[in-house]
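In the working numbering, the protein residues as written are 32 to 96.
Ideal Cβ placement from N, Cα and C applies to all residues, glycine included.
Computed from a predicted structure; not experimentally measured.
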């Protein structure tokens with residue numbers, strides 16, 4: 032039996048591939064971006080992603096001394 036993460040990865044790949052085949056590249060691109068944004072929001076809600084560290088990383092601040 033495969034792991035849950037493997038199954039999730041397969042499902043995500045299938046959704047993206049079908050999107051590309053059925054409606055084209057730009058729809059695929061939009062779906063991929065929307066999925067990434069959803070994943071980040073999910074991590075924030077679960078408390079697994081520190082927003083202040085993320086903002087600091089994009090702002091060019093170093094996380095270590």
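Annotated as distal: residue 63 and residue 85, with beta-carbon spacing of 9 Å or more. DSSP places residue 80 in no alpha helix (DSSP H); its state is neither H nor E. The C-beta separation of residue 75 from residue 82 comes to about 6 Å, placing the pair in contact by the 8 Å criterion.
Remark: C-beta atoms of residue 51 and residue 59 approach each other more closely than 9 Å.
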